[in-house]
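Engineer: Starting off with a structure, shown below.
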Amino acid sequence: MNKKAVPLILFLILLFLPVPQSYASYPTTTVQLNPSKDAYVRESNPDDNSGDSNYLLVCSTSGYRERAFLEFDLSSIPQGVIILSATLHLNRSTDGAEDRTYRINVVNEEWQELSITWNNQPSSISDVYVEHQITAASGWWNVSVTSLMPPVLNVSAISFRIIDANEGSGNIQRWFNSRENPDGGHPILEIEYATPATLYHVHGLFSEDGSFLGSTTMTVYLPNATYEIYVNGHVELRFPEKPVLFTFQLSGGGMRKIYITQTQETLYLFTPDANYTTYGFTVKDYTGQLTSGSYLEAWRYVNGTQRLIERAQLQNILDEVPLVLSMDRTYILQLQLPDSSTYRFGYYVTGVDVTPTLILREISFSRQAQLTYRYVTIEATRPSPTQIQVNYHDTLDQTLNVSLSVKLRNGTLVYSDWSSSNPVQFTWNAADNETDYVVYVTVSHSFFGALEYSKALAREVSFNSPPDLGVLGSWGGVSAGNILPAMLIIVVAGAFSTLTAPVGLFATVVTAAILTYLGWINVSYTVLAVAMSLAVLYGIAWVRKR
2 MNKKAVPLIL FLILLFLPVP QSYASYPTTT VQLNPSKDAY VRESNPDDNS GDSNYLLVCS
62 TSGYRERAFL EFDLSSIPQG VIILSATLHL NRSTDGAEDR TYRINVVNEE WQELSITWNN
122 QPSSISDVYV EHQITAASGW WNVSVTSLMP PVLNVSAISF RIIDANEGSG NIQRWFNSRE
182 NPDGGHPILE IEYATPATLY HVHGLFSEDG SFLGSTTMTV YLPNATYEIY VNGHVELRFP
242 EKPVLFTFQL SGGGMRKIYI TQTQETLYLF TPDANYTTYG FTVKDYTGQL TSGSYLEAWR
302 YVNGTQRLIE RAQLQNILDE VPLVLSMDRT YILQLQLPDS STYRFGYYVT GVDVTPTLIL
362 REISFSRQAQ LTYRYVTIEA TRPSPTQIQV NYHDTLDQTL NVSLSVKLRN GTLVYSDWSS
422 SNPVQFTWNA ADNETDYVVY VTVSHSFFGA LEYSKALARE VSFNSPPDLG VLGSWGGVSA
482 GNILPAMLII VVAGAFSTLT APVGLFATVV TAAILTYLGW INVSYTVLAV AMSLAVLYGI
542 AWVRKR
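Under our numbering, the first residue of the sequence shown is numbered 2, with each subsequent residue one higher.
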């Protein structure tokens with residue numbers, strides 16, 4: 002082989018080797034923290050406290066053992082960042098007789114700086130530890146404690162215990178400067194962390210009536226890990242990858258789930274403000290868009306603002322989708338599809354039916370749909386007397402939000418909704434079939450600015466049945482319920498017969514046909530067709546005789 006080709010071959014091999022995953026692409030930050038509290042305890046004086054001492058002592062002598070405790074406040078570091086490294090720096094103020102190995106553990110329970118003693122020192126100590134040798138000379142002792150830190154930060158503080166790795170043997174004592182030492186050299190925890198692209202602002206815990214309830218523990222499920230997060234008001238979370246879902250417990254044993262669909266979201270944790278139950282929604286898909294990547298959301302107005310209450314994933318499009326909802330409350334149900342479009346089912350009032358069915362229809366526009374701008378399509382329709390539907394689509398995908406208002410002709414607002422999705426379909430299923438409405442749509446568009454659309458939707462013709470007179474029985478085989486339609490036909494026949502007989506006959510047949518169409522009487526359309534034919538023939542004969 003040509004020796005000159007060897008470097009080239011090695012270069013090509015290195016070029017195509019797989020690169021291990023790292024967080025180098027994330028912004029990194031290094032912080033140095035001093036302890037928020039530190040102390041040491043001594044076996045020879047088991048009830049003494051040294052929380053205000055200028056030094057932290059560690060001793061191995063049996064009967065005279067000493068242990069140091071330090072705690073660092075991590076609240077200045079955003080939750081969810083990736084811990085790349087952590088180093089504990091301690092300043093040894095005196096020389097020692099020999100080199101010695103020390104052990105550092107994580108303390109898993111609370112302790113107080115000015116009251117900790119040998120007798121009440123924390124007993125909950127992590128089994129995981131690091132050991133590091135200290136030379137006999139004084140100076141800084143720097144030891145990596147990265148393995149003791151959570152890989153993804155999910156705590157607001159961390160506490161360490163330092164002991165001699167060979168307690169009970171030898172007579173070795175080390176003095177370290179404490180945070181109170183006036184000469185400086187205070188303990189330092191140096192942390193380097195990476196800030197991933199994910200960002201979640203979580204607020205809680207609230208009742209659905211808007212009142213703040215206090216703290217709760219939220220479980221975060223990542224693809225390959227699980228974390229418990231303490232939430233009390235607001236917490237900022239970052240993770241190396243998009244979480245699968247957040248969950249939190251409800252009083253009474255229930256649980257709410259919020260599946261995560263974005264890398265950045267602001268979420269609120271709400272508990273029901275009334276008795277609650279699990280509703281199993283069945284989504285019937287008439288569009289063919291529904292997949293396991295779809296999510297059913299329940300929203301509710303809280304203090305005048307729409308807030309997401311729960312988001313459930315459609316694991317299987319044939320399965321029921323569970324949502325934990327307060328009973329006798331009004332929610333807005335929304336389907337988030339894999340293409341990021343949103344389908345609104347409108348208002349849903351929770352009741353005794355815990356297995357309701359939702360129908361997903363195509364978002365389509367007629368040829369008469371109003372084009373507000375070249376790339377924006379809005380159309381309001383009334384598919385049924387009790388339903389109003391508004392479809393919106395922006396082909397530029399530059400829509401910030403869409404607001405819908407449905408009003409009476411006198412301006413009274415009867416329904417409103419909004420969405421930041423595109424496309425989106427609004428559906429209102431509580432329209433009165435005897436009422437006219439006007440639909441107003443306001444669009445905030447990043448390119449076109451503010452767009453407005455309005456359309457009047459008239460009520461349908463009433464098909465109410467006549468008063469039921471069946472309770473009066475029947476006369477001569479004729480039901481009393483047919484009396485009113487019969488009287489109406491007779492009145493029409495008599496009135497129009499005063500003009501001419503053919504006109505009266507024609508008006509009578511037409512009236513009977515209208516009453517049959519409205520459902521007031523039950524007459525065969527064949528009979529009506531024959532009667533109309535006879536009326537026309539009679540009219541022709543009557544005209545010829547004149």
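C-beta: ideal position from N, C-alpha, C; glycine also.
This one's a predicted model, so the numbers in the text were calculated from it and none came from an experiment.
Can you tell me the Cα-Cα spacing of PRO548 and LEU519, whole angstroms?
Structural biologist: The displayed coordinates of the chain run from 2 to 547. Any statement about residue 548 would go beyond what the structure contains.
Engineer: Here's a check: name, in chain order, each residue in its chain whose Cβ is nearer than 6 Å to the Cβ of ALA40, leaving out the five neighbours to either side.
Structural biologist: For the purposes of this step, residue 40 is taken as residue 39 along the sequence shown, with counting starting at 1. Contacts found: SER51, GLY52, PHE70, GLU114, ILE117.
Engineer: Using the three-state DSSP reduction, which class does GLY495 fall into: helix, strand or coil?
Structural biologist: Residue numbering aside, residue 495 sits at position 494 when the sequence shown is read from its first letter. Here GLY495 sits in helix by DSSP.
Engineer: May I ask you to verify whether the region 194 to 209 touches the region 261 to 274, counting CB pairs closer than 8 Å and requiring at least 3?
Structural biologist: yes
Engineer: Could you round the C-beta distance between THR264 and PHE346 to whole angstroms and report it? I think they count as a contact, below 8 Å.
Structural biologist: Walking along the sequence shown from the start, residue 264 turns up at place 263. Walking along the sequence shown from the start, residue 346 turns up at place 345. Contact flag wrong, Cβ pair sits at about 27 Å.
Engineer: For the 8 Å Cβ check, are there 3 or more pairs between the region 118 to 125 and the region 54 to 61?
Structural biologist: no
Engineer: Could you please give the first and the last residue of the uninterrupted alpha helix (DSSP H) stretch that includes LEU535?
Structural biologist: If you number the sequence shown from 1, residue 535 lands on position 534. Residues 526 to 546.
Engineer: Any chance you could list the alpha helix (DSSP H) runs of at least 4 consecutive residues sitting entirely within the region 127 to 188, in chain order?
Structural biologist: none
Engineer: Among the residues of its own chain, which have a CB less than 6 Å from the CB of GLY171, if the five just before and after it don't count?
Structural biologist: What you label residue 171 is simply residue 170 of the sequence shown in a count that begins at 1. So the qualifying residues of the chain are SER61.
Engineer: I need the boundaries of the alpha helix (DSSP H) containing TYR518, first residue and last residue.
Structural biologist: Within the sequence shown, the letter at position 517 stands for residue 518. Element bounds for TYR518: 502 to 519.
Engineer: For MET219, report the span of its beta strand (DSSP E) as first-last.
Structural biologist: Sequence index remark: in the sequence shown, residue 219 carries index 218 (1-based). From DSSP, the beta strand (DSSP E) with MET219 extends over 217 to 223.
Engineer: Since ILE522 is in the beta strand (DSSP E), which residue starts that stretch and which ends it?
Structural biologist: In the sequence shown, residue 522 corresponds to position 521, counting from 1. Neither: ILE522 is in no beta strand (DSSP E) and is coded neither H nor E.
Engineer: Taking one C-beta from the region 227 to 246 and one from the region 273 to 282 each time, how about it: are there three or more such pairs within less than 8 Å?
Structural biologist: no
Engineer: Report all residues from its chain with a CB closer than 7 Å to the CB of SER534; omit the five preceding and five following residues, and keep chain order.
Structural biologist: Taking the sequence shown and counting its residues from 1, one reaches residue 534 at position 533. Here the set comprises nothing.
Engineer: Answer yes or no: do ILE105 and PRO152 have a C-beta to C-beta separation smaller than 8 Å?
Structural biologist: Translated into the one-based positions of the sequence shown, residue 105 becomes position 104. Translated into the one-based positions of the sequence shown, residue 152 becomes position 151. No, the pair does not count as a contact, with Cβ atoms beyond the cut-off.
Engineer: Evaluate the contact criterion for the region 176 to 196 versus the region 213 to 223: three or more CB pairs, one atom per stretch, below 8 Å.
Structural biologist: no
Engineer: Using 8 Å for Cβ pairs, my map puts TYR454 next to ILE389. What's the rounded Cβ distance?
Structural biologist: Here residue 454 refers to the residue found at position 453 of the sequence shown. Here residue 389 refers to the residue found at position 388 of the sequence shown. Rounded, the Cβ-Cβ distance is 14 Å, inconsistent with contact.
Engineer: Just the C-alpha distance for TYR348 and ALA226, rounded to the nearest angstrom, thanks.
Structural biologist: For the purposes of this step, residue 348 is taken as the residue at position 347 of the sequence shown. For the purposes of this step, residue 226 is taken as the residue at position 225 of the sequence shown. Between TYR348 and ALA226, the C-alpha separation is close to 37 Å.
Engineer: Can you check DSSP and say which residues form a bridge with THR264?
Structural biologist: Start at 1 with the first residue of the sequence shown, and residue 264 comes out as number 263. In DSSP, THR264 forms no bridge with anything.
Engineer: Quick check on the DSSP output: the beta strand (DSSP E) that includes ARG239 runs from which residue to which?
Structural biologist: Working through the sequence shown from its first residue, we reach residue 239 at position 238. Counting along the chain, ARG239 sits inside no beta strand (DSSP E), nor does DSSP assign it H or E at all.
Engineer: Within 10 Å of its beta-carbon, does VAL129 have 16 or more other beta-carbons around it, so buried, or fewer, so exposed?
Structural biologist: The residue you call residue 129 lines up with position 128 of the sequence shown. Flag for VAL129 reads exposed.
Engineer: Looking only at its own chain, which residues have a Cβ that is under 7 Å from the Cβ of ASP100, when we skip the five neighbours before and after it?
Structural biologist: As a first step, residue 100 is located in the sequence shown; it is residue number 99 there, counting from the start. Sequence-distant Cβ neighbours of ASP100 in its own chain, meaning closer than 7 Å and more than five residues away, are GLN134, ILE135, THR136, ALA137.
Engineer: Should ASN551 go down as buried or exposed, given a rule of 16 or more other Cβ atoms within 10 Å for buried?
Structural biologist: No answer is possible for residue 551: it lies beyond the span of the chain, which begins at 2 and ends at 547.
Engineer: On the criterion of 16 or more Cβ atoms from any shown chain inside 10 Å, does ASP418 qualify as buried, or is it exposed?
Structural biologist: Numbered from 1 along the sequence shown, position 417 holds the residue referred to as residue 418. Buried: at least 16 other Cβ atoms inside 10 Å.
Engineer: Determine the extent of the beta strand (DSSP E) in which THR443 is found, giving its start and end residues.
Structural biologist: Position 442 of the sequence shown, counted from the first residue, corresponds to residue 443. Start and end: 438 to 446.
Engineer: Which of the three DSSP states is assigned to PRO19 in this structure?
Structural biologist: Taking the first residue of the sequence shown as 1, we reach residue 19 at position 18. Confidence at PRO19 is low in this model, with a pLDDT of 35, below 50, so its placement is unreliable and no value can be given for it.
Engineer: Taking the Cβ atom as the reference point for each residue, do TRP300 and ILE259 lie within a distance shorter than 8 Å?
Structural biologist: As a working mapping, residue 300 is identified with position 299 in the sequence shown. As a working mapping, residue 259 is identified with position 258 in the sequence shown. The answer is no: Cβ separation not under 8 Å.
Engineer: Pairing CB atoms from the region 440 to 450 with CB atoms from the region 391 to 410, are three or more of them under 8 Å?
Structural biologist: yes
Engineer: DSSP beta-bridge partners for SER86?
Structural biologist: Here the question's residue 86 lines up with position 85 in the sequence shown. GLU193, per the DSSP bridge assignment.
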